[in-house]
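As structure tokens, the structure follows; a few thoughts come after it.
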Amino acid sequence: MSTARRRARDDDPRGDLYVLTLHHLEYSQSFRILWLLEALGAPYELVTYERARNTSLAPPAYKAISPLGTAPVITDGDLVLAETGAIIDYLLDRYPSEQLRPAIDTPHRTRYLFWLHAGQGSVTPLAMLDTLFTFIKQRVPFFMKPFVVPALNLTEHRFLKPRLDLLLTKAERDLGQAPWFGGEAMTAADIVLSYAMESAKLRGHLTEAHPNCRAWLERVYAEPTFLAAKAKVGQEQMVLLR
Ligand SMILES: N[C@@H](CCC(=O)N[C@@H](CS)C(=O)NCC(=O)O)C(=O)O
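In structure tokens:
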């Protein structure tokens with residue numbers, strides 16, 4: 000699938016026509032970069048890749064582009080950039096938006112910074128671990144299940160769940176004070192958290208104890224730029240469920 004909106008960049012010394020390309024791996028964190036590009040109104044080309052059937056990993060063609068072999072990755076002229084956080088900073092530097100990145104000394108700047116970084120550094124890794132545990136439990140050979148499954152359940156119980164619960168409790172409190180993770184308006188922090196929060200909901204971690212988080216997710220699903228991104232890839236949800 001490909002959307003070409005080409006334009007010449009003012010600072011392109013070659014005067015060439017080229018366009019920033021998002022390499023999107025289906026049902027992956029790279030959906031958030033697609034949403035960010037839509038929210039910024041930035042020109043981009045979209046190339047989508049299916050996950051390998053047997054492993055659900057990125058296919059060789061994707062791994063050949065991404066220096067880390069992971070999604071997301073963008074290319075922009077000669078630049079190849081991986082890592083969600085780096086890509087978000089790059090895009091916000093190139094297409095500044097005071098709404099999506101509250102400026103220094105504005106009231107919600109610190110709240111924005113906290114959730115931007117907690118989203119990528121704490122909530123998303125827990126969501127990934129959760130996905131991985133589900134994947135392993137489903138695929139482990141039957142004779143290993145009696146050993147592997149209890150070990151994973153214990154890790155979930157002692158490590159994953161308590162950490163996630165603390166983060167969700169703080170999210171619940173903060174979203175009770177303002178509707179978005181970045182404050183009064185939707186920011187890049189909300190975009191970053193969307194993947195992990197959807198994962199938390201689909202895997203049963205968002206309960207009746209989290210009405211504000213659930214309401215926030217509904218707001219995300221109703222955002223016009225989120226819907227535009229979703230329409231581009233035709234995915235029902237962001238996260239991988241199989
Ligand atoms: N910290 C990295 C994590 C990237 C990551 O693990 N992405 C997953 C998609 S959700 C991936 O590429 N999986 C496929 C694979 O590892 O082959 C980032 O935010 O860019």
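Take 0 as the starting number for the sequence shown in numbering that gives the first Met the number 0 and just add one per residue.
Virtual Cβ for every residue (Gly too), placed ideally from N, Cα, C.
This one's a predicted model, so the numbers in the text were calculated from it and none came from an experiment.
(request) Can you grab the Cα-Cα spacing for the pair V238 / G84, in whole Å? (result) 18 Å
(message) Tell me whether S243, by its Cβ, gets closer than 8 Å to a heavy atom of ligand 1.
(response) There is no way to answer for residue 243, as the model of the chain reaches only from 0 to 241.
(message) Just verifying my parser: in three-state terms, what is the DSSP assignment at D88?
(response) helix
(message) Looking only at its chain, what residues have a beta carbon closer than 8 Å to the beta carbon of E183, apart from the 5 residues adjacent to it on each side?
(response) H107, A177
(request) Please report the residue range of the beta strand (DSSP E) in which T47 lies. (result) 44–48
(message) By alpha-carbon positions, which one of W34, I135, L78 ends up nearest to R241?
(response) I135
(message) Residues in the same chain with beta-carbon distance under 6 Å from T186, minus the five sequence neighbours each way, listed in chain order, please.
(response) L99, Y111
(request) Give the secondary structure of I64 by DSSP, where H, G and I count as helix, E and B as strand, and everything else as coil. (result) helix
(request) With V147 as the anchor, note down where its alpha helix (DSSP H) starts and where it stops. (result) 144–154
(request) Report buried or exposed for K229, applying the criterion of at least 16 other Cβ atoms within 10 angstroms of its Cβ. (result) buried
(message) Please identify the residue among L201, G118, Y17, S29 whose C-alpha is closest to the C-alpha of G68.
(response) S29
(request) Please name the residue or residues paired with L115 in a DSSP beta bridge. (result) According to DSSP, L115 bridges with nothing at all.
(message) Please report the distance separating the alpha-carbon of L21 from that of D104.
(response) 32 Å
(request) Kindly identify the DSSP beta-bridge partner or partners of A81. (result) V72
(message) Measuring only from the beta carbon, is G84 closer than 8 Å to any heavy atom that is part of ligand 1?
(response) yes
(request) State the Cα-Cα distance for the pair I64 and V72, rounded to the nearest angstrom. (result) 8 Å
(message) Taking DSSP's pairing of strands, which residues face H22 in a bridge?
(response) V46, V72
(message) Only counting the same chain, and skipping five residues up and downstream in sequence, which positions put a Cβ closer than 6 Å to that of R213?
(response) L205
(message) Only counting the same chain, and skipping five residues up and downstream in sequence, which positions put a Cβ closer than 8 Å to that of T154?
(response) F132
(message) Checking 9 Å against the spacing of the C-beta atoms, do A60 and Y48 come in under that value?
(response) yes
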